Amino acid sequence: MRLTPEEVDHITLLARLELSPAERERAAGELSQILDYFEQLKQLDTENVEPTEHVLPINNVLRVDETRPCLSLEAVLQNAPEHASGMFQVPRVVEAE
Amino acid sequence: MPLTELTAYQLAQQIKTRKISCREVTNEFLSRIEEVEPRVKAFVTVLPDEARRRADLLDKRLAGGEDIGLLGGVPVAVKDLICTRGIRTTCSSKMLENFVPPYDAHVAERLAVEGAVNIGKANMDEFAMGSSTENSAFFPTRNPWNLNCVPGGSSGGSTAAVAAQEAPLALGSDTGGSIRQPAAYCGCVGLKPTYGLVSRYGLIAFASSLDQIGPIANDVRDSALLLQAIAGYDRRDSTSINRAVPDYLASLTGDVKGLRIGVPKEFFVQGVESYVVDAVRAAIDKLCELGAEAVEVSMPSAEYALATYYIIAPSEASSNLARYDGVQYGLRVAEPGDDIIAMYSKTRAAGFGHEVQHRIMIGTHALSSGFYDAYYLKAQKVRTLIRRDFEKAFSQCDVLATPTAPTVAFEIGSKTNDPFSMKLADVCTIPVNMAGLPAISLPCGFQNNLPIGLQLIGNLLDESTLFRAAHAYEQATEWHKQRAVVEKS
Amino acid sequence: MSKYEIVIGMEVHAELLTESKQFCGCANVAVAPPNTHVCPVCLGFPGSLPVLNEKSVELSLRTVLAFDSKINKHTIFERKNYFYPDLPKAYQISQRLFTLGEGGCVEIDVAGQDGQVQTKRVGLSDVHMEEDTGKSQHGEAIGDPDSSLVDFNRAGIPLLEIVSAPDMRSIEEAESYMATLRQVLLYLEVSDCKMELGRLRFEASVSLRPFGQEEYGTRVEVKNLNSMKAVRDSLRAEIERQTKILDSGGKVQQQTMLWDEASGTTQPMRSKEQAHDYRYFPEPDLVPIEIDNAWLDRVRAAMPELPRARRQRFQTDYGLSAYDAEILTSTRDIASYYEAALENYNNPKTISNWVANELLGRLNAENKDIIASPVRPTQLRDLVKLIDDGTISGKIAKEVFDEMFMEGRDAILIVREKGLGQISDTSEIEAICQRVIEANPKAVEDYKGGKERSFAALVGGVMKETRGRANPALVNELLKKQLS
Chain A
-2 MRLTPEEVDH ITLLARLELS PAERERAAGE LSQILDYFEQ LKQLDTENVE
48 PTEHVLPINN VLRVDETRPC LSLEAVLQNA PEHASGMFQV PRVVEAE
Chain B
26 MPLTELTAYQ LAQQIKTRKI SCREVTNEFL SRIEEVEPRV KAFVTVLPDE
76 ARRRADLLDK RLAGGEDIGL LGGVPVAVKD LICTRGIRTT CSSKMLENFV
126 PPYDAHVAER LAVEGAVNIG KANMDEFAMG SSTENSAFFP TRNPWNLNCV
176 PGGSSGGSTA AVAAQEAPLA LGSDTGGSIR QPAAYCGCVG LKPTYGLVSR
226 YGLIAFASSL DQIGPIANDV RDSALLLQAI AGYDRRDSTS INRAVPDYLA
276 SLTGDVKGLR IGVPKEFFVQ GVESYVVDAV RAAIDKLCEL GAEAVEVSMP
326 SAEYALATYY IIAPSEASSN LARYDGVQYG LRVAEPGDDI IAMYSKTRAA
376 GFGHEVQHRI MIGTHALSSG FYDAYYLKAQ KVRTLIRRDF EKAFSQCDVL
426 ATPTAPTVAF EIGSKTNDPF SMKLADVCTI PVNMAGLPAI SLPCGFQNNL
476 PIGLQLIGNL LDESTLFRAA HAYEQATEWH KQRAVVEKS
Chain C
9 MSKYEIVIGM EVHAELLTES KQFCGCANVA VAPPNTHVCP VCLGFPGSLP
59 VLNEKSVELS LRTVLAFDSK INKHTIFERK NYFYPDLPKA YQISQRLFTL
109 GEGGCVEIDV AGQDGQVQTK RVGLSDVHME EDTGKSQHGE AIGDPDSSLV
159 DFNRAGIPLL EIVSAPDMRS IEEAESYMAT LRQVLLYLEV SDCKMELGRL
209 RFEASVSLRP FGQEEYGTRV EVKNLNSMKA VRDSLRAEIE RQTKILDSGG
259 KVQQQTMLWD EASGTTQPMR SKEQAHDYRY FPEPDLVPIE IDNAWLDRVR
309 AAMPELPRAR RQRFQTDYGL SAYDAEILTS TRDIASYYEA ALENYNNPKT
359 ISNWVANELL GRLNAENKDI IASPVRPTQL RDLVKLIDDG TISGKIAKEV
409 FDEMFMEGRD AILIVREKGL GQISDTSEIE AICQRVIEAN PKAVEDYKGG
459 KERSFAALVG GVMKETRGRA NPALVNELLK KQLS
C-alpha cells in the first residue's frame, strides 16, 4: 500500500520536516515499504492482550515537593541560537489569521 | 606488554598499588589514539587536556592516601549521547554539533565518583539510529579488525575504541542491539543491562522504553567492573530500579555446573549465516562440557520483534526528537521573513540525517490519528507476547544462548542502499530490548579474521548469572585474548 | 428573545499551589525575571527526565474528591505532541486515557424563572493532571515586529485541567460556574486562583441550537481569556457572531477563536496552527500511579470542608440565615475567622453580625483581606463579651471597635483607658441622679405634674454626665426611686 503525496505531506507537517519534491518521493517509497512490512503483525491475535507500557512493575515514583537549585541564566542561554532580554528569541509567532 | 593491552581491571590494580600512575596510563592511551585514530575514527571529540588534568588530580589524591574508586585512573570512552557537563555532546548529529550540556548524565557522575578518566566522546549512528555507525553526520567509524568494514552500531565508536585499544573501557547505549551488535563485530564484550538498572538521566533519548546504557570491554571481568560502577538507583529517573546492586565481580566463579542453557530455535534461522550458527553451537557445547546443560526452547513471537521494534522505537523517537526545533539549543536554520513553522521545518530538515528523518516519519505516522491502534497499540501488545515467550523460556532455563548478529561485520557502504537488510543485523538482539532483559555479547569465533558474537540472555536483573556463564566460557576459550591489529593504511 | 439556545462548556486550567514544579525541583513562582526558575528538565534539555511531584497528585485528588468524580485508581501520563515555541519538549506531559478523575459535577446557584435561587449541577467530563507551558510575547509587545521571545519560568508548573460537559445554558450560568469553581479551589488550597497572573485560566466552547433541538450545534472554542470579564465579553461577542451566521442561513465552522480584548471580537486562529494531531501515547519516562484507599483516606483527612457544606453547617449549627451564612462562607478565610471568634464563646448570632457588618465593612472600605485584619478573632469575641456582660453598650462598642481596628489593641484596654466601661455602681449613679435632679427643678416639677416626657430629659442628663456609660436600667430605676 503506497502512501499518497497528501499523506506524506501530512506526516511532514506534523513532524515539521521540509522535504524537497525528490525527498518526498523517496520518503513515500520507503515509508510504504516499511508499512507493508508491518502488515505481518496482523497475523497475530492480540484481541485480549494487554499492551506493554513498562517492562517492570514499578509504580508511584514520586518526589517530595521541595525546590532544588535552578540553572544560571548564563547556562540556560549558552546553547541558544538567539536570545534577547534573557529570553529565547524566535521568528514571530502569528496566532490569529 | 604495552599498558594499552592490559585490561581495565589490571590497570586499576596497578594504579592502586602505585606500580603505574594515572598520568602514565592516560598518556599511553592518548598516544595510542594519536597513532590509530586517523584510521579508526572512533571519536567525535578526544579530550587530551581534560584527561591529563583529571589523571593528575587522581594521582594527587592517590598520593594523599585516598581511595580513588573502582575505576581509579582507568580511561573510559563515552558514547556521544551521554551528556557531559561543559563537554560538547553531539549525538553525531549536525543538530547538536555545538551543544554543550550544562549538566552531567548520571553515568558521567558515577564514572567521576569511581575515578574514571573520560578520554573522549565516541562516534555513533546519529541519535543511535543505525547498525553500522555510517549514519554519523560527521564520519563513519571503521572496524579495527578490518578497516574496510563497519564496526557495527550504533555504539560503533565506543566499541571500535575498545577494540583498537584506544580505551580499555567504553560506555555505549543499547535500544535494539546497539551495544551487543558492535561488540560482536569488534570482538568485544558488550552488555545491555536490565532496563532500569542503569539510570537514563542524561542519556539523550532515542526510544525511552528501550534505551539502556551499558559497558563495552575487552573481557567479562572488565564488563562486570564497569557495570558495578554505573549500576544503581537514581531518583532522577522514574524508571530506575530501587534495589541494592549485587557484587558482580563476585559472580565470576567459573562454575556453570547445572546451569540450564536455553536454545531458542527461532534465533538460528532466517538469514543467520551457517558459520555463525556453527560457532554459537560450538560455544553452547563448550558450556555443556563445563557442566551446563542445554535445553531447546521455543519463542514463537520472536520473529515479530523486528516489526514491533520498528513501530515502537520510531514512535517514541518521533516524540523524543521533537524538541530539536531550534529554539533553546542546537542548530537553527531560518531565512529572513520565515515564520516559526518554516524555521522549524528547515531546521529539522537540515539538522537531521536521512535515517533519522525516516524514522521520525514512521513514528509520526504510527502514532497519528486513525493509525495508532493498528500500529503503536498493536506493537505494544505484540511486545507483551514477546515478553510472555521469554517468561516461559525462563521457566525452563537460566540463560538463553543465541547468535548476537546473523553475520560478521559487513563492508562499509555495502548496505547503505538497502537500509532494510541493515535492519536485519539486529534481528537477534531486538527481542531482548522488547522484554527489558539483560544480555551480553562475547566473542566465540572468527570468520575471515572478523569476530563472531555469542549472545547470552538473562532473566530480569540476573546480570550475575550472565557474567558467571560468560566468564566461564571466556576462561575456557582463547577468543578474548586476540586483539585487533590496526593496519597501516 | 433569541430563537437559539446557548450551549456552553468550560475548560479550566488551574496552576497548583506547590513549592516546586510538576516534574522537577524548580520553584513554582508566578512572577520572576525571565528564565531564572528553569533547569534541564523543564527546559526540555536532551537527556533530562521527569519525576512526578507528590504534592500535586494530592492536590489533584482533593479536587477530584470535592467534585465527586470517579477516581481512576490506575492512572498514567501521556504525551501530547505538538510544536510551539513555549513547549520545550514539543510535547506536553498530560493525561487522556485513565485520567485522574472522570465525571462528577459542580453545583452552582442559578436564578430560577420565579427569581428564586436554584441549584444546578454542571457535569464534568474529566479532571486531569498536566504541566504548564512557558510564556511567549510577540511582535510589537517586545519592540520587534518580527520576533517572539520565550520565557520558561512557567514551563512545568503543575496544572489541573477540569473539563465540563456542555451543560451551561447562559452567560450567567457560565459566570456562576467559574465563581463556584474558583471558590472551591481556593477552599481546597489547590490553587491561589489569581487570574491576573494566569494561575487560573478559562477556555469556553460555545454552540447554539434552535430551542427544542436535541443535537448540539457546531462548537467553537474561545481562547485567550485572561479574566472573568474577558470570558463574559467574549461569550457575548461569540454568541452574537454565531447568531448572525445562523440568522443569515449560514453554517458555523468548527474552529478555535482567539478573544481580542482591544477590538472586542473573537478572531479565528490560523489554520496551520489548528492542524493538530496530538499523537498521544503513554509517557515512557513516567510510571503508572496506583491509588489505593489508604492514600485516598489520607487525602480526605487533610481536606478542608467545602463551601457548600460549611454554609449548610453555619445555618444548622449556628442558626444563621442563608444570607449571613453565604457571606460568612464566601471565602475560607472569612469562615475560619468567624469560627475562630466563636471558639469558647457561644453567641454565633451577635458575632456573625459583627463579622459580616462591621468587620467586613471596614475591611472592604480599606481594601484589605480578612487575613490582614487588624482585629483578631479572639479580640472581636472579647468585644462581644463586653457587650453581653453589660460592661459596654452596643453603641460604645462601635466606638471601641473603631479604635481596635485602627490600633489593633484589645477592647478591654481601650474601655479601661478611656473609661468607657458602663457604670453599674448604685451609689455612684445615685449621686449623679441627685445632682441632675437638683440642677433641673423645672423638669422635676413637670414630671411630678404628670409629664412623662420630662423623665426622659432627666435620664438624658444622667447619660450626659456619664458620657453614656451609666447602666440605663439602673438609671431608670434609681431616678424613679429618688423622684417618688
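Here the protein sequences line up with chains A, B and C, keeping their order.
Per the numbering used here, the very first residue in the first sequence carries number -2; after that it's consecutive.
Per the numbering used here, the very first residue in the second sequence carries number 26; after that it's consecutive.
Per the numbering used here, the very first residue in the third sequence carries number 9; after that it's consecutive.
Using N, Cα and C, we set each Cβ at its ideal position, and we do this for glycine too.
From a predicted model like this one, the values you see are computed outputs, not experimental measurements.
Opposing strand residues paired with residue i [DSSP bridges]
| i | result |
| --- | --- |
| Ala504 of chain B | In the sequence under discussion, the amino acid at residue 504 of chain B is Trp, which differs from the Ala named in the question. Paired residue(s): none; Trp504 of chain B is not in a bridge. |
| Met265 of chain C | C:Val230 and C:Pro276 |
| Ile241 of chain B | B:Ala195 and B:Gly215 |
| Gln86 of chain A | C:Leu157 |
| Ile477 of chain B | B:Gly470 |
| Ala478 of chain C | C:Ile431 |
| Ile204 of chain B | Per DSSP, none; premise fails for Ile204 of chain B. |
| Ile14 of chain C | C:Leu216 |
Chain-ordered chain B contacts of residue i [CB-CB under 9 Å]
| i | result |
| --- | --- |
| Ala149 of chain C | Those within 9 Å of Ala149 of chain C in chain B number zero; the least Cβ separation is about 16 Å. |
| Val6 of chain C | Because chain C spans 9 through 492 in this model, residue 6 of chain C falls outside it and cannot be assessed. |
| Val5 of chain C | Absent from the model: residue 5 of chain C. The displayed extent of chain C is 9 to 492, so no value can be given. |
Boundaries (first-last residue) of the beta strand (DSSP E) holding residue i
| i | result |
| --- | --- |
| Ile336 of chain B | From DSSP, Ile336 of chain B is part of no beta strand (DSSP E) but of the alpha helix (DSSP H) over Ala330 to Asn345. |
| Gly181 of chain B | That residue, Gly181 of chain B, is in no beta strand (DSSP E); its alpha helix (DSSP H) goes Gly181 to Ala188. |
| Gly164 of chain C | No beta strand (DSSP E) holds Gly164 of chain C; DSSP gives it neither H nor E. |
| Arg225 of chain B | From DSSP, Arg225 of chain B is part of no beta strand (DSSP E); its letter is neither H nor E. |
| Pro289 of chain B | Arg285 to Pro289 |
Residue i at chain C interface by Cβ criterion, 9 Å
| i | result |
| --- | --- |
| Asn45 of chain A | no |
| Gln75 of chain A | no |
| Ser276 of chain B | no |
| Ala24 of chain A | no |
Interface flag, residue i vs chain B, CB-CB below 9 Å
| i | result |
| --- | --- |
| Leu28 of chain A | yes |
| Pro48 of chain C | yes |
| Asp154 of chain C | yes |
| Phe4 of chain C | Any answer about residue 4 of chain C is impossible in this case: the structure gives chain C only from 9 up to 492. |
| Arg89 of chain A | yes |
| Glu79 of chain A | yes |
Interface partners of residue i on chain C, CB under 9 Å
| i | result |
| --- | --- |
| Arg13 of chain A | Phe91 and Ala98 |
Contacts of residue i in chain B (Cβ-Cβ under 7 Å)
| i | result |
| --- | --- |
| Leu16 of chain A | Ala374 |
| Leu294 of chain C | Ser263 |
| Asp285 of chain C | Ser393 and Ser394 |
Proximal residues of chain C, C-beta to C-beta of residue i below 8 Å
| i | result |
| --- | --- |
| Pro126 of chain B | Pro48, Phe53, Pro54 and Gly55 |
Proximity test, Cβ basis, 9 Å: residue i and chain A
| i | result |
| --- | --- |
| Gln295 of chain B | no |
| Val260 of chain C | no |
| Glu27 of chain C | yes |
| Thr490 of chain B | no |
Limits of the unbroken alpha helix (DSSP H) element including residue i
| i | result |
| --- | --- |
| Lys41 of chain B | Ala33 to Lys41 |
| Leu371 of chain C | Leu368 to Ala373 |
| Met471 of chain C | Arg461 to Glu473 |
| Arg340 of chain C | Arg340 to Leu350 |
| Ala40 of chain C | No alpha helix (DSSP H) contains Ala40 of chain C, which DSSP labels as neither H nor E. |
Contacts that residue i makes with chain C (C-beta to C-beta distance below 7 Å)
| i | result |
| --- | --- |
| Val61 of chain A | Glu62 |
| Gln86 of chain A | Ser155 and Leu157 |
Contact list for residue i against chain A, beta-carbon separation under 8 Å
| i | result |
| --- | --- |
| Val405 of chain B | Per the sequence shown, the amino acid found at residue 405 of chain B is Gln instead of Val. Result: Pro48, Thr49 and Glu50. |
| Cys573 of chain C | Nothing about residue 573 of chain C can be reported from this structure: the residues present for chain C run from 9 to 492 only. |
| His383 of chain B | Ala24, Glu27 and Leu28 |
Under 9 Å by beta carbon: chain A residues contacting residue i
| i | result |
| --- | --- |
| Pro41 of chain C | Leu70 and Gly83 |
Chain B residues whose Cβ lies nearer than 8 Å to that of residue i
| i | result |
| --- | --- |
| Arg87 of chain C | Ser344 |
(request) With a floor of 4 residues, list each alpha helix (DSSP H) that falls wholly inside the region 401 to 454 of chain B, ordered by position along the chain. (result) Qualifying alpha helix (DSSP H) stretches, in chain order: 403 to 419 and 444 to 448.
(request) Taking only runs that begin and end inside the region 83 to 163 of chain C, name each unbroken beta strand (DSSP E) of 3 or more residues, in chain order. (result) Look at the region 83 to 163 of chain C and you find these whole runs of beta strand (DSSP E), each 3 residues long or longer: 86 to 89, 99 to 102, 113 to 119, 125 to 139, 143 to 146 and 155 to 159.
(message) To test your reading of the DSSP string, which unbroken beta strand (DSSP E) runs of 3 or more residues are found completely within the region 65 to 91 of chain B?
(response) For the region 65 to 91 of chain B, whole beta strand (DSSP E) runs of length 3 or above, ordered along the chain, are 68 to 71.
(request) Kindly provide the ranges of any beta strand (DSSP E) runs that are 3 or more residues long and lie completely inside the region 86 to 158 of chain B, ordered along the chain. (result) Counting only runs of 3 or more residues that sit fully inside the region 86 to 158 of chain B, the beta strand (DSSP E) segments are 100 to 104 and 142 to 147, in chain order.
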